[in-house]
Structure formats: C-alpha cells, structure tokens
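In the working numbering, the protein residues as written are 25 to 391.
Beta carbons: idealized from backbone N, C-alpha and C, even for Gly.
Just below is one structure, and these are the notes that go with it.
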Amino acid sequence: MDISFVDLKAQYLSIKKEIDQAILDVIHESAFIGGRFVKSFEKKFANYVGSKHCIGVGNGTDAIYLALKALGISAGDEIITAANSFIATSEAVTLTGANVKFVDCDRNTYNIDPKKVEQAISKKTKAIIAVHLYGQPADMIMLKKIADSNGIFLLEDGAQAHGAQIEEQRVGTFGDLACFSFYPGKNLGAYGDAGAIVTADENLAGKCRMIANHGRVEKYDHEFEGVNSRLDGLQAAILCVKLAHLEKWTEKRRAAAAIYGELLAESRAITPFEGQGFRHVYHLYVVRIKNRDTVRRTLEKQGISTGIHYPISLPMLRAYRYLGHSPKDFPISNRYSQEILSLPMYPELNPTQIEYICDQLRNVTQS
Ligand SMILES: *Cc1c(COP(=O)(O)O)cnc(C)c1O
C-alpha cells in the first residue's frame with residue numbers, strides 16, 4: 025500500500041467547489057492586494073484564535089521578523105528560542121540584527137524547557153520565542169511567568185499549531201505577539217506562501233501592519249522604511265474557505281493520533297506525550313525509535329513515506345557554526361534528532377492506512 029506523508033490533493037478535492045469559486049471571486053474583483061478577502065480573513069482568523077488583531081503577511085518567517093521589529097528588537101539584543109525547530113524561527117531573529125540564544129527542549133514534550141530558559145536569560149535578553157512544536161503548545165504558563173518577572177517579551181511561533189489550546193485558551197493569545205504560517209502543508213495551509221501575526225495590542229498591531237507595508241500610513245505617506253510582506257487576496261480567499269473546515273480537520277488529526285497511539289502502545293516506538301489539558305493539533309505525528317534510519321528505509325520500501333523534523337538541531341547546523349556549540353550543549357535535542365520519525369499525518373488519513381503503517385512499523389522494530 026502506498027501512503028504519502030501528506031495529501032494536499034485529497035483535501036482540495038473534498039472542498040473543490042468552494043475553493044474554485046473563491047479563486048474566481050478574487051479574479052473577478054481584481055482584489056489581488058489588500059481588499060475585502062484579506063480583511064475578511066484577518067477578522068475571521070483573529071476571531072478563531074480568540075485575539076483582537078490579525079495582520080496578514082507574506083509568510084510565517086516574515087511574521088516572526090515583523091513581530092520582532094514591531095517590538096523594537098535590533099542589533100545587540102538577545103532572543104531566546106528552541107534548539108529544535110525549523111530554521112525560520114532563528115533566521116528571523118538574525119535578520120533583525122539581534123543574536124539568537126538556543127535553549128534545549130523538555131524530554132517529554134519536545135518543547136522549550138522553561139527551566140533552561142530561565143538560566144539562559146541575561147541583561148541583553150529582550151524576548152523569548154516559544155515554538156509550539158509539532159502542534160503541541162509550549163508551556164506558556166511558565167514561560168509567561170518567566171517573561172513577566174524578567175520584564176521581557178514573549179512571542180509565539182504557532183506555525184505548526186493553529187487551534188492548539190491549553191485548557192480553553194488557544195495558542196496565539198499567550199504572548200505579546202504570535203506568528204502563524206499558512207505554508208501549504210501546515211494545518212491551515214494556503215496555495216502558496218502566506219502568514220499572519222496575531223496580537224491583542226492595538227499599538228503593536230498597527231506597527232506590524234506598517235512595517236509589512238513599506239512603513240506606510242497612507243498611500244505614499246511613509247513614516248519609515250519597512251518591507252513588502254503582505255497576504256495576497258487569492259491566498260486570503262482560499263484561507264477563508266479552509267478556516268471554516270479547520271476544526272473538523274483538527275479533530276480528524278486527533279482521531280488519527282489516537283489510533284496510532286493505541287496501535288503502537290505495545291511497540292518499541294515512543295509515541296507523543298500530550299500534556300494534561302493541552303490540545304495537541306498534530307501538525308506532525310512524531311515517534312521516537314532506535315535505528316531510526318533503518319526503520320525509515322524499510323517503511324519506504326513498504327510504500328510508506330515518512331519525514332524527520334528535524335534531522336539536525338539548529339545549533340548544529342552549518343549556518344550556526346559561528347556560535348561554536350557542541351552537541352553536549354543541547355543533549356536532548358541532539359539525541360532526539362537521531363531518534364525522531366514523523367509518520368504520515370493528515371485529516372484524510374484513514375484507519376486502514378494507519379493500521380498498515382503500524383503493522384509495518386511493528387514488524388521492522390521487532391526483527
Ligand atoms: C513553517 C514554519 C515556519 C515558517 O513559515 P513559512 O511560512 O514557511 O515562512 C516558522 N516556524 C516553524 C516552526 C515552522 O514550522
């Protein structure tokens with residue numbers, strides 16, 4: 025049986041009529057930049073997250089960069105973030121001129137360890153960027169306490185966690201600003217690059233909006249130099265359609281995760297840990313396993329595509345060699361980068377497929 029890692033086509037086919045109509049509407053109105061579709065999506069997404077303001081931007085990486093710039097982050101500042109994330113998180117920090125300070129993750133949740141964050145804070149630290157990795161909220165309660173008691177900002181990288189919650193509170197509402205990506209493969213994905221910043225702070229929202237649009241107040245009235253990073257009308261219209269289905273899709277992801285959990289309970293694969301009261305939205309279903317690379321190759325031969333998120337921890341990337349880190353500086357992230365395996369995960373994945381994957385996985389790990 026062939027099982028892909030994600031299946032964007034299956035999702036499109038399930039909502040084809042709505043999507044095609046939305047795209048046609050944008051074209052008929054020539055609402056390509058700005059306009060009612062962007063406004064409508066911003067309003068709907070702020071509402072979905074449970075925050076006041078949403079600023080549509082070009083992509084998730086820009087969202088982080090713009091959020092940092094809105095906070096006035098610049099050269100000489102230090103920003104703490106997770107050693108195990110996608111490079112976008114730390115890349116956006118460097119782009120502002122600030123220095124990135126990596127912190128290791130918790131051994132159960134794979135999210136940034138608040139105790140280690142506390143130890144990493146210095147006089148230069150201006151902000152913490154929490155990443156809700158794989159779709160599970162980081163420990164925002166502890167991180168908020170730490171940020172507040174040290175007088176530093178707290179940002180959320182929610183690129184993998186649309187709709188994730190701690191108790192009844194959605195991610196995106198814990199930090200000063202939160203950043204989302206709508207890269208096609210994300211839980212809420214556009215048909216190209218797209219992103220957003222969410223905040224409850226009107227002043228910060230205004231700043232983000234200006235920086236993302238050439239420092240513009242009105243057309244041709246520029247208060248300062250910004251960048252061009254806008255959500256476009258086509259993506260906004262597509263996202264409006266898809267947002268209405270997101271809760272249903274999230275529940276399907278959670279149901280798929282529950283089946284995986286049951287079928288792998290007696291296996292040698294270590295399944296994801298879900299914090300008490302935490303709503304994990306399973307952007308990725310990541311297990312840990314010995315001989316990961318052999319297992320992966322065997323699954324591939326059985327037609328099962330898997331992924332590794334991420335094979336090299338950020339501090340160990342060549343891009344960060346200048347920081348002079350060694351693997352023992354981030355023991356958990358580095359050990360786990362050798363053991364983690366992302367199994368197929370998308371709302372349309374059915375129980376028969378999951379059973380097949382789990383059967384194959386049990387076979388390879390037993391032999
Ligand atoms: C995808 C992703 C980003 C970047 O989003 P883009 O829209 O691709 O720029 C940032 N952080 C994390 C954790 C991501 O997974």
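Counted as a single uninterrupted DSSP element, the alpha helix (DSSP H) harbouring VAL141 occupies residues 138-144.
Note on geometry: alpha-carbon atoms of TYR36 and CYS264 lie some 14 Å from one another. In terms of CA proximity to GLY59, LEU258 leads the group LYS68, LEU178 and LEU258.
In the three-state DSSP reduction, GLY80 falls in the strand class (E or B). Annotation: the continuous beta strand (DSSP E) that includes SER366 extends over 364-367. Beta bridge pairing from DSSP links LYS125 with ILE104. Counted as a single uninterrupted DSSP element, the stretch harbouring ALA218 is not any beta strand (DSSP E), since DSSP gives it neither H nor E. Under the Cβ criterion (8 Å, minimum of three pairs), the region 243-260 does not count as touching the region 331-339.
Using a Cβ-Cβ distance cut-off of 8 Å, the region 169-176 and the region 201-208 are not in contact, since fewer than three pairs of beta carbons, one from each stretch, lie closer than that value.
In the structure shown, GLU242 falls within a strand segment according to DSSP collapsed to helix, strand and coil. Contact check for ALA94 and CYS232: beta-carbon distance about 5 Å, within the 8 Å limit, so the pair qualifies. Between ILE190 and LEU90, the C-beta gap is not smaller than 9 Å, which leaves the two residues out of contact.
Between CYS382 and LEU288, the C-beta gap is smaller than 9 Å, which places the two residues in contact. With a threshold of 8 Å, the Cβ atom of PHE65 does not count as near ligand 1, since no heavy atom of the ligand is closer than that.
Excluding sequence positions up to five before and after ASP163, its CB lies within less than 7 Å of the CB of ASN135 and PRO138, all in the same chain and listed in chain order.
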